[in-house]
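Right, one structure below, let's go through it.
Protein chains in written order, with my numbering: chain A, 356 to 745; chain B, 12 to 236; chain C, 4 to 859.
So, in structure tokens, the structure goes:
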């Protein structure tokens with residue numbers, strides 16, 4: 356979902372091409388420092404807005420070589436066009452029932468009302484989405500909220516992960532993330548405890564999305580989050596535990612010309628490792644770009660080049676609602692290893708034509724190697740219904 | 012059978028002299044009687060008293076065993092509906108109803124179903140020789156025709172007693188004779204009783220009996236004399 | 004009773020075509036007027052109510068402030084309360100559109116919030132229009148169901164979304180620019196789409212709340228917050244809890260309470276109009292009474308004959324009532340049809356408020372209300388029934404034996420004196436005037452009006468006798484005859500005159516009331532408009548205003564002796580009332596209040612005690628305040644103590660107004676803006692040249708300049724428009740009354756053929772009989788008019804002193820338009836004579852011999 360909404364938001368304001376600087380080869384190695392061992396602060400202070408390179412349309416460009424500074428960079432970057440904090444994972448309740456969940460907070464800078472002293476000036480919008488994939492239901496439960504940032508009702512804080520709309524919240528506090536979502540049909544309150552430092556994707560957090568490095572984001576992941584908390588479906592409450600994955604990404608220009616959609620996967624491996632991979636598809640459905648990050652166990656992340664990541668559809672499922680056909684089973688070739696993605700159940704399509712207008716598939720999947728499950732995570736597939744227009 | 016016994020009527024309850032008193036007579040079915048007398052002697056009042064349109068100050072009226080003088084106003088009205096027929100000097104044909112409707116009026120009052128009422132009214136009109144005027148408005152009829160309509164109306168519901176107050180008073184002599192003949196013949200052939208108030212000797216002559224009204228009572232008038 | 008038997012009665016109705024037609028028209032008009040008033044106001048109110056509900060959406064409660072709004076920090080506080088599930092902030096602007104007469108209601112909304120409380124207010128970007136919205140443009144635009152989550156064009160600072168009615172009224176389309184004015188500043192907004200949920204009757208526009216705050220210089224201000232409560236929260240409990248958070252002058256109301264406030268404002272006016280219609284219907288009922296009574300007179304022999312045939316009395320009564328009901332229902336049906344035509348016409352022509360100005364900005368559609376239509380139809384039947392009641396009872400009382408012979412129609416017309424009943428009615432009317440209104444409606448005042456009418460009609464026989472006694476018969480034979488006739492049959496005067504009394508009373512009372520009102524308004528306007536020239540940026544409700552520098556610019560112009568700025572706002576003083584108007588202006592200068600109590604001295608206060616405030620009559624009535632009372636006014640969100648220094652007459656604001664010294668207002672609020680400037684010229688200054696200079700200084704498009712003469716002319720024009728419907732109704736009632744005289748005399752003349760024939764035998768000329776009829780008509784009408792005028796005067800007093808005071812809370816000085824009433828009376832008597840003469844025409848043409856011989 357995240358990218359779907361993000362691209363929607365960006366599509367509106369997008370005009371002209373970025374004049375972002377050339378991507379460099381500056382791989383800043385993260386180093387541990389400070390009391391908060393979960394974060395990876397860098398050696399240099401965070402850059403200020405006025406020295407940021409700016410693209411057209413008033414947004415700063417994403418350039419390679421800007422080191423990510425933690426915990427400063429775990430908070431919002433309001434100058435950039437779009438940003439999200441995206442948590443997905445698997446939950447197991449006391450009876451052993453397994454469900455997928457997803458919660459995302461988006462921030463969008465609109466460039467509207469920047470000179471308006473009104474507290475309602477819609478300079479920043481906050482959008483939140485949450486969903487539960489319950490095999491017992493056979494489809495997704497889903498809820499969403501949107502607001503203009505207006506302290507203290509909704510916002511995304513700078514300096515520390517903290518995004519909220521009313522009582523929906525995702526924040527970093529006391530060494531772990533906490534989220535709270537409540538809707539009529541479902542709700543959850545979950546804590547996510549990281550097992551190690553953030554995993555920087557791409558080149559030290561500079562994640563290229565297309566052959567042209569203009570289309571890029573700053574992007575880090577927090578895999579292997581230990582989950583505890585409570586889940587409510589309807590009126591029934593469940594104590595749950597599980598594993599989750601957090602992505603935090605911000606950019607001003609992601610979607611390349613001619614892109615029809617993308618497929619993304621984030622998997623917590625059973626050996627303690629992590630796998631992130633995505634491909635950007637062109638109009639013919641062929642991969643325009645692909646990339647990923649692989650970490651074996653608690654080892655060092657390995658950056659996967661486009662050649663090292665290949666998505667091959669295996670089995671397709673047709674949505675009875677929208678008629679869209681999604682490859683719900685994939686063969687994933689990662690750096691020479693042949694892996695298979697299988698969904699928790701087929702119908703994890705999110706049909707929000709009535710609200711956001713977006714239709715996509717986002718759901719819980721298992722990763723198998725040689726028939727054996729080696730990890731669990733989430734798969735997102737967009738652009739299978741209509742052509743994505745720019 | 013109509014029995015009138017010692018009927019008395021005063022101008023008002025306090026009046027010293029009655030208008031008339033001691034009026035007694037009987038009338039058998041099929042019989043027609045003419046009532047004559049000086050002007051102001053109370054002939055019409057007598058008729059009104061028999062019809063229950065005016066209260067009496069003494070005496071009884073019994074029709075076929077039922078004492079009429081005991082009835083209240085509305086009860087008398089309901090009785091009149093069934094058992095009485097009227098013919099007036101001034102015809103009293105309702106101008107806003109056509110001839111047939113005027114004849115059917117007593118049947119409507121008796122709640123006779125409207126098709127049946129029309130059928131019987133038409134038959135009655137035929138008997139008085141006005142079948143072809145059924146749909147006409149009263150204003151297009153002559154006096155004699157109007158009185159024939161009145162006779163048809165007086166007899167359409169088969170009354171026991173027909174009261175006629177100067178029925179020929181507004182007609183020229185030739186037409187008066189025809190109408191009177193029709194009236195008496197109709198009453199007799201229906202087996203009803205008739206009381207005819209008149210000034211006309213000629214009219215009185217055609218009745219079965221003639222009674223003369225005076226302040227002290229009613230006396231049989233010898234027709235022969 | 005046999006159905007066919009009803010034919011005997013109904014056929015008779017059909018035969019009396021003229022009388023029946025007039026009765027039909029009278030009842031039809033009464034029904035039509037009553038129903039039309041209901042329909043028109045119903046339509047306007049329904050549209051108003053729809054608008055309120057539309058705006059309130061699913062709100063359980065609304066936080067409402069004065070026109071100036073309240074601090075938007077309150078929104079943040081309220082939105083975070085646990086009782087509140089959703090809070091939707093709204094800034095409402097009545098935008099002045101430079102160069103246009105009309106203003107535009109603009110609602111500044113938070114798109115994301117309003118979607119969850121009043122989704123019908125959601126704007127939709129125009130397809131294409133050079134704008135892109137996130138959802139619909141990014142994904143398949145052919146899918147019409149697709150609604151975008153946050154089309155950014157909806158948030159932009161210069162976009163405006165117009166309802167269909169607003170687009171039609173302004174003649175603009177998506178893609179056009181619309182110029183709005185705030186203060187003296189213009190802003191151009193792009194019309195970027197529509198508000199499809201607003202429906203066809205609502206003229207409004209929607210824009211982003213931040214943009215609205217910025218465009219109209221209202222940063223930090225809100226007009227309203229719509230609240231949806233959390234599930235399971237009790238509304239009254241939440242109301243109590245939340246009220247504690249509100250600053251002074253800000254209210255928390257259920258949406259229906261806001262509607263009720265507005266409905267209450269126009270209710271008195273609606274009741275007034277409905278009462279007028281009721282009087283028209285009553286006059287119609289009188290006419291049925293007249294025609295039926297005359298029919299009974301004429302048909303007494305027919306009835307006697309029917310009784311002889313055996314028709315009992317209940318049947319006779321039922322038959323005659325059926326005649327009345329038939330006329331009533333037929334007239335009612337005509338009236339219902341006519342009412343709809345009238346309503347369509349009125350809505351098209353003068354708008355939903357019958358010209359009274361309560362419902363601006365609404366374009367209600369022609370309604371069909373089966374319930375109202377059938378109610379009024381039945382009311383027509385009821386009027387017919389009531390009119391036929393007494394004649395039917397009279398008919399049942401006939402002694403058949405007598406009626407069969409004698410031709411004495413005067414029997415029925417020998418009306419006994421009903422003076423005690425008449426006096427009783429008048430005494431009750433006097434008592435009813437002392438009682439207070441019920442729910443703001445002067446119920447007892449209207450009861451007094453009805454009682455006065457009844458008393459007037461009941462006193463007719465006595466009045467006729469009295470008049471005949473006073474009128475020496477003289478020697479002229481015609482006069483003697485007419486005199487004898489009326490003196491012996493005063494019932495004839497009742498029959499012919501009842502309609503005249505009712506309609507004359509109505510017309511006279513309206514004339515006196517309206518004239519008193521108009522003269523008082525005129526005097527009042529002269530007093531409240533003492534300056535030479537008035538400048539304003541817009542009406543006080545709209546978005547134009549003057550900053551101090553603009554005031555200074557005007558004051559600096561040569562030829563101006565002084566400038567008095569005036570500031571308007573509204574105040575919410577209590578939950579049950581519509582907001583009252585606050586007027587701040589210099590009160591120690593040339594301006595003198597139209598005081599009816601207290602004094603204007605010490606306007607600036609003595610520093611120590613609470614500063615003075617002058618309240619309008621309406622406010623004094625509504626809040627039960629007298630001179631010297633203390634008064635708390637919420638200014639800038641805080642309660643400030645004032646004392647009532649005087650009560651002034653105010654015809655402009657029925658909901659109440661309070662005036663305070665401008666310097667006091669400014670010291671408390673810090674608000675330096677002004678709405679109006681009252682300008683006094685220096686001696687010898689050229690007004691036209693000065694107006695030119697002021698236009699140059701402030702921008703001709705941005706201000707309105709008026710002289711007191713113009714304002715007075717416009718105000719009186721509005722006044723006359725408001726009472727146009729009143730005049731029409733009075734005219735209709737008088738017409739119906741004349742019908743009454745004409746039908747009565749037509750019927751009487753027919754029934755008196757024999758009498759006229761006899762008179763002709765005795766040697767009376769045909770023309771003398773004509774004069775006799777005219778004279779009788781004139782005398783009857785004169786008595787009716789005299790009684791009607793007296794009743795009208797009494798009713799006018801009730802209208803002025805009871806009904807207007809209680810409905811609208813304003814007093815006025817009694818002014819009797821004597822010449823006009825005199826002309827009216829003379830004309831009516833002349834018309835009545837003519838009507839009687841013409842109606843008798845037929846009777847006079849008949850041969851005297853035939854007439855005498857005819858027996859019936």
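Backbone N, C-alpha and C define an ideal beta-carbon position, used for all residues, glycine too.
Nearest-angstrom Cα distance between residue 82/C and residue 214/C?
Here residue 82/C refers to the residue found at position 79 when the third chain is read from its first residue. Here residue 214/C refers to the residue found at position 211 when the third chain is read from its first residue. Rounded to the nearest angstrom, the two C-alpha atoms are 21 Å apart.
Excluding the 5 residues preceding and the 5 following residue 144/C in the sequence, name in chain order all residues of the same chain whose CB lies nearer than 7 Å to its CB.
Counting from one through the third chain, the residue named residue 144/C turns up at place 141. The predicted position of residue 144/C is uncertain, since its pLDDT is 28 and thus under 50; a value taken from the coordinates is nonetheless stated next. None.
Residue-chain proximity (residue 10/C, chain B), Cβ-Cβ < 8 Å:
Taking the third chain and counting its residues from 1, one reaches residue 10/C at position 7. Chain B, which has a Cβ nearer than 8 Å to the Cβ of residue 10/C, makes this yes.
Cβ pair residue 481/A, residue 456/A closer than 8 Å:
Numbered from its first residue, the first chain carries residue 481/A at position 126. Numbered from its first residue, the first chain carries residue 456/A at position 101. No, they are not a contact pair.
If contact means a Cβ-Cβ distance below 8 Å, which residues of the region 465-486 of chain A contact chain C?
465, 467, 468, 471, 472, 473, 474, 475, 476, 477, 480, 482
Are the C-beta atoms of residue 376/A and some chain C residue less than 8 Å apart?
Translated into positions along the first chain, residue 376/A becomes position 21. Unreliable positioning characterises residue 376/A in this predicted model, as indicated by a pLDDT of 27, which lies under 50. The coordinate reading is nonetheless provided below. No - not a single Cβ of chain C is within 8 Å of the one on residue 376/A.
Using a Cβ-Cβ distance under 8 Å, would residue 75/B count as near chain E?
Here the protein chains are A, B and C, and chain E is not one of them.
Contact residues within the region 629-644 of chain C, judged by C-beta distance below 9 Å to chain A:
none
Go ahead and pull the three-state DSSP assignment for residue 564/A.
To locate residue 564/A, count along the first chain from 1; it is residue 209. The answer is coil: DSSP assigns residue 564/A none of H, G, I, E or B.
The beta strand (DSSP E) with residue 59/B in it runs from where to where?
Translated into positions along the second chain, residue 59/B becomes position 48. Here residue 59/B belongs to no beta strand (DSSP E); instead the alpha helix (DSSP H) covers 54-62.
Would a C-beta distance cut-off of 8 Å place residue 161/B and residue 95/B closer than the cut-off?
The sequence position of residue 161/B within the second chain is 150, counting from 1. The sequence position of residue 95/B within the second chain is 84, counting from 1. No, Cβ-Cβ distance for residue 161/B and residue 95/B is not below 8 Å.
If you run the structure through DSSP and keep just helix, strand and coil, what is residue 733/A?
For the purposes of this step, residue 733/A is taken as residue 378 along the first chain, with counting starting at 1. In the structure shown, residue 733/A sits in a strand (DSSP, three-state: E or B).
Could you tell me if residue 586/C is buried or exposed, where buried requires 16 or more neighbouring beta carbons within 10 angstroms of its beta carbon?
Taking the third chain and counting its residues from 1, the one referred to as residue 586/C is at position 583. Classification for residue 586/C: buried.
With distances taken from CA atoms, which of 582/C, 567/C, 565/C is nearest residue 573/C?
Your numbering for residue 573/C matches position 570 in the third chain. Ranking 582/C, 567/C, 565/C by Cα distance to residue 573/C puts 582/C first.
Just the Cα atoms here: how many angstroms apart are residue 59/B and residue 180/B?
Translated into positions along the second chain, residue 59/B becomes position 48. Translated into positions along the second chain, residue 180/B becomes position 169. If I take the Cα positions, the gap works out to 18 Å.
Within the region 184-234 of chain C, note down every full alpha helix (DSSP H) run reaching 4 residues or more, in order along the chain.
212-218
Less than 8 Å separating the beta-carbons of residue 595/A and residue 586/A?
As a working note, residue 595/A is residue 240 in the first chain. As a working note, residue 586/A is residue 231 in the first chain. Taking 8 Å as the Cβ cut-off, residue 595/A and residue 586/A qualify as a contacting pair.
Is residue 202/C near residue 125/C, with beta carbons less than 8 Å apart?
Numbered from 1 along the third chain, position 199 holds the residue referred to as residue 202/C. Numbered from 1 along the third chain, position 122 holds the residue referred to as residue 125/C. Cβ distance not < 8 Å, so residue 202/C and residue 125/C don't count as in contact.
Using the three-state DSSP reduction, which class does residue 497/A fall into: helix, strand or coil?
Mapped onto the first chain, residue 497/A falls at position 142. Residue 497/A falls in the strand class under three-state DSSP.
Do the region 636-653 of chain C and the region 597-605 of chain C meet, that is, are 3 or more Cβ pairs less than 8 Å apart?
yes
Below 7 Å CB to CB, which residues in the same chain sit around residue 215/B once its five sequence neighbours on both sides are set aside?
Taking the first residue of the second chain as 1, we reach residue 215/B at position 204. Cβ neighbours of residue 215/B beyond the five flanking positions: 45, 47, 209, 221.
How is residue 561/C classed by DSSP in three states: helix, strand or coil?
As a first step, residue 561/C must be located in the third chain, where it is residue number 558. It is coil, neither helix nor strand.
For a test of the three-state rule: what should DSSP assign to residue 137/C, helix, strand or coil?
In the third chain, counting from the first residue as 1, residue 137/C sits at position 134. Residue placement at residue 137/C cannot be trusted, given a pLDDT of 36 that sits under 50; what the coordinates show is reported in the next sentence. Correct three-state label for residue 137/C: helix.
Is there at least one Cβ from chain B nearer than 8 Å to residue 423/C's Cβ?
Along the third chain, read from residue 1 onward, the residue named residue 423/C stands at position 420. Not one chain B Cβ lies under 8 Å of residue 423/C.
Closest to residue 665/C by C-alpha separation, out of 827/C, 776/C, 616/C, would be which residue?
Sequence index remark: in the third chain, residue 665/C carries index 662 (1-based). The residue with the shortest Cα to Cα distance from residue 665/C is 616/C.
Along chain B, in chain order, which residues have C-beta atoms closer than 8 Å to that of residue 316/C?
To locate residue 316/C, count along the third chain from 1; it is residue 313. Neighbours of residue 316/C on chain B, chain order: 84, 85, 88.
Span separating the alpha-carbon of residue 517/C from that of residue 100/C:
Reading the third chain from its first residue, position 514 is the one you call residue 517/C. Reading the third chain from its first residue, position 97 is the one you call residue 100/C. Distance between the alpha carbons of residue 517/C and residue 100/C is about 35 Å.
If you run the structure through DSSP and keep just helix, strand and coil, what is residue 240/B?
The requested residue 240/B does not occur in the structure, where chain B is confined to residues 12 to 236.
According to DSSP, is residue 7/B part of a helix, a strand, or is it coil?
Residue 7/B lies beyond the range of chain B shown here (12 to 236); nothing can be said about it.
Using a cut-off of 9 Å between C-beta atoms, extract the partners of residue 304/C located in chain B.
In the third chain, counting from the first residue as 1, residue 304/C sits at position 301. Chain B residues near residue 304/C: 101, 103.
Give me, in chain order, the residues of the same chain whose beta-carbon lies closer than 7 Å to that of residue 225/B; leave out the 5 immediate sequence neighbours on both sides.
Taking the first residue of the second chain as position 1, residue 225/B is located at position 214. Counting only Cβ-Cβ distances below 7 Å, and skipping sequence neighbours, we find 48, 52.
Would you mind sorting residue 119/B into buried or exposed? The rule is 16 or more other CB atoms within 10 Å of its CB.
Here residue 119/B is taken as the residue at index 108 of the second chain, counted from 1. That one is buried.
Can you pull the DSSP bridge partners for residue 37/B?
Taking the first residue of the second chain as position 1, residue 37/B is located at position 26. DSSP output for residue 37/B lists 14/B as bridge partner(s).
Among 569/A, 700/A, 713/A, which has the Cα closest to the Cα of residue 672/A?
Locating residue 672/A in the first chain gives position 317, counting from the first residue. Answer by Cα proximity: 700/A.
Any idea if residue 197/C is buried or exposed, counting beta-carbon neighbours within 10 angstroms, 16 or more meaning buried?
Taking the first residue of the third chain as 1, we reach residue 197/C at position 194. Per the 10 Å Cβ criterion, buried.
So the beta strand (DSSP E) residue 813/C belongs to, where does it begin and stop?
To locate residue 813/C, count along the third chain from 1; it is residue 810. Careful: residue 813/C lies outside any beta strand (DSSP E) and carries neither H nor E.
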